[in-house]
Each structure stands twice: as C-alpha cells, then as structure tokens.
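**Student:**
In our numbering, the protein residues as written are 15 to 267.
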C-alpha cells in the first residue's frame, strides 16, 4: 500500500516512518508538514492510505479533506492526534481509524491490519471513504482559509478577502478585488462553513461577502441589485425571498 504521512512535527513523521518499516507491504511515497502540502501530496501521489494530523498550520486535517478537488482519488485516512479518547469517540463510531500521539507500535500495527482488507475490496474502500466524508461534513470547525487553485499550485485565501463566490460553467470561483480564482468547494459547503453574519446567499449561483458590498439598489418587486467591490463592480440580483434575509443583515434597507 502506498502511504503519505502528513504531520507538522518532523519527529512524529520519523517515528511513524520507523514503525511502518516493519510492514513489508507499506511503501511511504511522500510526507507533508502542513495542510497545503498535504493536499498537493494527495492529488499528486494518489496514495492508498493517508496518516493525517488533525492540527497542522495552514489547514487542519478536516480542512485538508474538504479542500481535495472533486475528482481527486481519495485515500483511506488514519487521523493522528493529541486529542483524548473522548474527543475521538465520533471517529471510532463512524469506523474512521485514528492514532493518539505518541503513537504506540502495537496500536499502529492493529490499524494497518484493519486497513489491509479495505484496500483489497473496492466496494469496502468506497464505503469507508463515504464514512470519512460524513465525519468531515459534520465537524463543527470554522473554515479559516479558502484553498484556491492558481495554475499549477494551491494558494490560501482569507475568507474576509473574498468579495463573493459565484458558479460559472459548473465551477465555483472566488472573486476578490483583484482576481478571480477557482476553488475546490461546493457553494452550499461554503455557505455552511462561513459565518452567516458575513456571507449571504444572494442567489443559487452567488454567495456574497456583506463587507464587500459597494451599493444596494431597489429593483423589481421588492428585490435588490447589489454592486460588489470586486475589480469589475459585478452586479448581483437578489430575489424577493432572499431579500428578506438581506434586510436582516443590513437594517435600514
């Protein structure tokens, strides 16, 4: 099995590497010391198994999984964390494996034994990936960074720097005052993960940052036309139903 180690602590990666050397069927194909390099390693190396630290700089472990492109080959995931057993109960209930630091070799080998049959059966692998997705979607962690793709590399966008997100040709784009960048998220996921007092779903195709509104003009039948502070001063129409929520965010409209 092809393995990637993602942990910001070099001693922790070295310990795992040393312990895994006793498994003849394990090939460590790469490692990552932060969230962005973890995303890049998963996309580029396509490992079968990922040891993923929960707390890392840039993106935490859950954000790494959220940031994977929709068409990326998703590995099985073993979370590596300093959390206590109670905090990890949700992972175990969903059959997502985990290791507590410092990693004990006996526990590591038990987890590897558990993973082997999953890698032998495509159906079991797909089921495990679905359970991982469920855990990721249900984590109540705020989205601190937006992972965007800029040609051949990933970049981080602070949510506050984004004027609005919009769907174009089936893809989601982040619009800032200076650029438009492709992001690896669904609009509904962004709406759920970003602060509702700051980001407003103006339409099925647009999620706007209220702080980046330049002006609001009354439009047809109790609707509004919003002009954004992006480089093009994009105009976004807000329908009657959503206009009610906009009035709550901007009293006085």
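Where a beta carbon is used, it is the ideal one built from N, C-alpha and C, also for glycine.
Would DSSP call residue 133 helix, strand or coil?
**Tutor:** Of the three classes helix, strand and coil, the one that applies to residue 133 here is helix, per DSSP.
**Student:** What does a CB cutoff of less than 8 angstroms around residue 266 pick up in its chain, not counting 5 residues either side in sequence?
**Tutor:** No residues qualify anywhere along the chain.
**Student:** Report the three-state DSSP secondary structure of residue 95 (helix, strand or coil).
**Tutor:** Residue state, collapsed to three classes: strand.
**Student:** From the DSSP output, in three-state form, read off residue 249 for me.
**Tutor:** Three-state result, residue 249: strand.
**Student:** In the structure shown, what three-state DSSP assignment does residue 58 receive?
**Tutor:** The answer is helix: DSSP assigns residue 58 an H, G or I state.
**Student:** Just to check my reading of the structure: residue 281 and residue 159 have Cβ atoms closer than 8 angstroms, yes? What is that Cβ distance to the nearest angstrom?
**Tutor:** Because the chain spans 15 through 267 in this model, residue 281 falls outside it and cannot be assessed.
**Student:** Using three-state DSSP, classify residue 220 as helix, strand or coil.
**Tutor:** Correct three-state label for residue 220: strand.
**Student:** How many whole angstroms separate the CB atoms of residue 226 and residue 177, which I take to be in contact at a CB cut-off of 8 angstroms?
**Tutor:** Indeed, because the Cβ distance is near 4 angstroms, the residues count as touching under 8 angstroms.
**Student:** To the nearest angstrom, how far is it from the Cα of residue 231 to the Cα of residue 130?
**Tutor:** Between residue 231 and residue 130, the C-alpha separation is close to 60 angstroms.
**Student:** In chain order, what residues of the same chain lie with their CB nearer than 6 angstroms to the CB of residue 248, ignoring the 5 residues before and after it?
**Tutor:** Cβ neighbours of residue 248 beyond the five flanking positions: 242.
**Student:** Would you tell me roughly how many angstroms separate the C-alpha atoms of residue 27 and residue 219, rounded to the nearest one?
**Tutor:** Spanning the two alpha carbons is a distance of roughly 42 angstroms.
**Student:** Which partner residues of residue 231 appear in the DSSP bridge assignment?
**Tutor:** For residue 231, which the question treats as bridged, DSSP gives the partners 239.
**Student:** Do the CB positions of residue 171 and residue 192 come within less than 8 angstroms of each other?
**Tutor:** No; because the gap between Cβ atoms is not below 8 angstroms, this pair is not in contact.
**Student:** Going by beta carbon distance, what residues of the same chain come within less than 6 angstroms of residue 19, once the five residues before and after it are set aside?
**Tutor:** Hits under 6 angstroms: 27, 30, 45 and 65.
**Student:** Please go through the same chain and pick out, in chain order, the residues whose beta-carbon is closer than 8 angstroms to the beta-carbon of residue 107, but skip the five residues on each side of it.
**Tutor:** In this prediction, residue 107 scores a pLDDT of 33, lower than 50, which makes its location untrustworthy; no coordinate-derived value is stated.
**Student:** Taking all protein chains shown into account, decide if residue 234 is buried (16 or more other Cβ within 10 angstroms of its Cβ) or exposed.
**Tutor:** Label assigned to residue 234: exposed.
**Student:** Using a threshold of 8 angstroms, state whether the C-beta atoms of residue 93 and residue 68 are closer than that.
**Tutor:** It is a contact, given that the beta carbons lie within the stated cut-off.
**Student:** Where does the unbroken beta strand (DSSP E) through residue 203 begin, and where does it stop?
**Tutor:** No beta strand (DSSP E) contains residue 203, which is instead part of the alpha helix (DSSP H) from 201-207.
**Student:** DSSP three-state call for residue 176: helix, strand or coil?
**Tutor:** Coil at residue 176, not helix or strand.
**Student:** Which value, in whole angstroms, describes the spacing of the CA atoms of residue 43 and residue 15?
**Tutor:** Going by the C-alpha atoms only, they are around 10 angstroms apart.
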